[in-house]
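Residue numbers (the numbering used here): 597 to 756.
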Amino acid sequence: MAFAVSTKRRGKSVVDEEIELVPFIDTFAVLVVFLLMTTVILQTAVIELSLPTAAGTGTGAQDESEESTPQPLVLSIIVTDRGITIGGSGAILPMIKKKGGRYDFNELEKQLEKIKERYPAQTSVIIVSEPEIIYDNIIKTMDSCLKTGFPEIALSGQIT
């Protein structure tokens with residue numbers, strides 16, 4: 597039995613198909629609007645910081661004139677794994693030791709309030725921490741400084 601060869605073309609027929617871009621453009625337009633709205637809504641709190649400058653960067657004449665004027669209090673808060681120490685202008689207060697493995701931020705605030713009473717014009721503080729200190733504890737230290745009237749906070753990464 598012989599079969600006749602079909603004259604019809606078998607297989608896929610060639611059809612001009614176009615990808616519709618309108619749904620993609622609509623999706624991206626909605627996505628852009630959504631991202632813009634969420635960035636406006638999700639604003640994070642910003643604390644202004646000043647980084648410490650390198651020591652001894654001035655000229656000799658400037659250093660001599662600075663020595664004749666009274667030096668302001670240089671207040672430092674040192675956060676270690678054992679506790680928090682407050683020091684400034686040659687004096688160091690006793691360490692605020694951890695209580696139950698946690699830093700005593702209430703005691704830190706009390707000490708800072710006493711310093712603020714004695715030096716009301718002082719607004720700056722330098723927070724020095726060890727590399728192992730958890731970031732949350734540094735933030736809580738910064739919050740304690742802000743609560744007690746020290747808004748100018750500088751961070752330092754080394755304990756010298």
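We treat Cβ as the ideally placed atom computed from N, Cα and C, and that holds for glycine.
- A straight line joining the alpha-carbon of N733 with that of P747 spans about 17 Å.
- In the three-state scheme derived from DSSP, where H, G and I count as helix and E and B as strand, T744 is classed as coil.
- I680 sits in a strand when the DSSP states are folded into three classes.
- A distance below 8 Å separates the beta carbons of T744 and K712.
- Taking 8 Å as the cut-off, the beta carbon of S725 is found closer than this to the beta carbon of V675.
- Taking R714 as reference, the option from L632, E613 and L671 with the minimal CA-CA separation is L671.
- Under the three-state reduction of DSSP output, L751 falls in the strand class.
- Straight-line spacing of the CA atoms in E703 and A750 works out to 21 Å.
- Here L708 is buried: its Cβ has 16 or more other Cβ atoms, across all protein chains shown, within 10 Å.
- CA-CA distance, S720 to F630, rounds to 40 Å.
- For K736, DSSP assigns no beta-bridge partner whatsoever.
- Contact annotation: M691 and G679 have beta-carbon atoms nearer than 8 Å.
- For I615, the number of other beta carbons within 10 angstroms of its own is below 16, and it is reported as exposed.
- Beta-bridge annotation (DSSP): A687 is paired with G684.
- When DSSP assignments are scanned along the stretch 696 to 731, the uninterrupted stretches of beta strand (DSSP E) that are 3 or more residues long and fall wholly within it turn out to be 720 to 725.
- Shortest Cα-Cα distance from D700 to any of L669, T737 and F624 involves T737.
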